[in-house]
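Before any comments, here is the structure.
Residue numbers (the numbering used here), protein chains in the order written: chain A, 1 to 138; chain B, 1001 to 1176.
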């Protein structure tokens, strides 16, 4: 009886840590469209360089240290260390002729950030710094 | 009965495992009054419109301080640099040895740290440029485990850095 209990417990623990590698690589447990909507906002501006500079300043205000930035590709990556490691990549790309999309994705320690709330916080800070309203992705 | 006990055990083990995963703290993406204080501490305004020259002077200071450049994007006014340094604190080592002798086991202590700096320039108005620098560090113990992950916020560190930068800007301006 006790032996069976131990087996059951060991099996539960083992299965819990046993997520298929492909699922880890593809992080495929959430819809791609839903994730994009959570992580993206549209701004009524075409000033890509200014937007990237504002992204950098906003991340610094949020206590991130910048890791990389690339004007050509339109990306900024930064890390916040505060007893934990929070890494963000923000990309900026045009949408039509009058707008830019800003997309952010985060990693908290070894977990992807998929909760909408942190992204809302980031985009509130960014839109204040941009003096522009952040629209949701349609 | 067996099934009930099994269900309880499974439930408890899953709860414990889920509870062990650290959660992103609330406020990680929120600006607070402290953010403004930090911004002031980490930023200086220079009366120049030559962003690239200011970036070059900053590069010189980072090299003076022993940093190696990891990344740069001059078109966005960015330099990222780092250095690895000893993190041994004699009092911590003595404490670890004393505690180790008491419990009969090796007690780890901090040995190395990686210090990172990101410096960003930003033109404001036609004749002024802001420089903002931020530092953080990761500390490892002799077992190779990370013991600290933190931003460096000592005001003296930033004052000293900008004192050196002002000097570097002056030296560069006179070609020294």
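Backbone N, C-alpha and C fix where the C-beta goes; we use that ideal spot for every residue, glycine too.
Since the model is a prediction, treat every value here as computed from it, not as a measurement.
Please determine, among the options, the residue with the shortest C-alpha to C-alpha distance to residue i.
i	options	result
residue 1142(B)	1064(B), 1023(B) and 1093(B)	1093(B)
residue 1085(B)	1169(B), 1044(B), 1112(B) and 1046(B)	1112(B)
residue 1166(B)	1117(B), 1110(B), 1088(B) and 1044(B)	1044(B)
residue 1159(B)	1148(B), 1135(B) and 1101(B)	1135(B)
residue 1156(B)	1042(B), 1047(B), 1059(B) and 1080(B)	1042(B)
residue 87(A)	96(A), 105(A), 33(A) and 71(A)	105(A)
residue 1087(B)	1058(B), 1108(B), 1049(B) and 1124(B)	1108(B)
residue 1054(B)	1083(B), 1037(B) and 1128(B)	1128(B)
Apply the 10 Å Cβ neighbour rule to residue i and answer buried if 16 or more other Cβ atoms are within range, or exposed otherwise.
i	result
residue 1062(B)	buried
residue 1110(B)	buried
residue 93(A)	exposed
residue 108(A)	buried
residue 61(A)	buried
residue 74(A)	buried
residue 1137(B)	buried
residue 38(A)	buried
residue 64(A)	buried
residue 36(A)	exposed
residue 50(A)	exposed
residue 1106(B)	exposed
List, in order along the chain, the chain B residues whose C-beta lies closer than 7 Å to that of residue i?
i	result
residue 105(A)	Within chain B, no residue comes near residue 105(A); the closest Cβ sits about 13 Å away, beyond 7 Å.
residue 39(A)	Simply none; closest approach about 12 Å.
By the criterion of Cβ-Cβ separation under 9 Å, what are the contact partners of residue i in chain A?
i	result
residue 1138(B)	81 and 85
Would you mind telling me which residues of chain B sit closer than 8 Å to residue i, beta carbon to beta carbon, in chain order?
i	result
residue 69(A)	1071, 1073, 1076 and 1078
residue 125(A)	1029, 1030 and 1031
Check whether the Cβ of residue i lies closer than 6 Å to any heavy atom of the ligand ATP, and answer yes or no.
i	result
residue 1078(B)	Absent from the structure shown: the ligand ATP. Ligands present: none.
Could you work out which residues of chain A lie near residue i, taking near to mean beta carbons separated by less than 7 Å?
i	result
residue 1141(B)	Within chain A, no residue comes near residue 1141(B); the closest Cβ sits about 16 Å away, beyond 7 Å.
residue 1132(B)	60
residue 1122(B)	53 and 57
Find the residues of chain B that neighbour residue i, judging by a C-beta separation of less than 9 Å, and give them in chain order.
i	result
residue 27(A)	Result: empty, since nearest Cβ-Cβ is about 15 Å, beyond 9 Å.
residue 148(A)	An answer regarding residue 148(A) cannot be provided, because it is not within the stretch 1 to 138 covered by chain A.
Mind checking the region 1016–1040 of chain B against chain A and listing, in chain order, the residues whose C-beta falls within less than 9 Å of any C-beta there?
1017, 1018, 1021, 1022, 1023, 1024, 1025, 1026, 1027, 1028, 1029, 1030, 1031, 1034, 1035, 1036, 1038 and 1039
**Prompt:** In the region 1086–1120 of chain B, which residues sit with their C-beta less than 8 Å from some C-beta in chain A, listed in chain order?
**Reply:** Going along the region 1086–1120 of chain B in chain order, one finds 1116, 1117, 1118 and 1120 with a Cβ nearer than 8 Å to chain A.
_Using a Cβ-Cβ cutoff of 9 Å, what residues of the region 108–122 of chain A are near chain B? List them in chain order._
108, 109, 111, 113, 115, 117, 118, 119, 120, 121 and 122
Any alpha helix (DSSP H) of 4 or more consecutive residues that is wholly inside the region 45–125 of chain A | 48–61
Every unbroken alpha helix (DSSP H) inside the region 1068–1144 of chain B [4 residues or more]: Within the region 1068–1144 of chain B, the alpha helix (DSSP H) runs of at least 4 residues that lie entirely inside it are, in chain order, 1090–1103.
Residues in the region 31–62 of chain A having any Cβ partner in chain B nearer than 8 Å
Within the region 31–62 of chain A, the residues whose Cβ lies closer than 8 Å to some Cβ of chain B are 49, 52, 53, 56, 57, 60, 61 and 62, listed in chain order.
Contact residues within the region 1042–1060 of chain B, judged by C-beta distance below 7 Å to chain A: none
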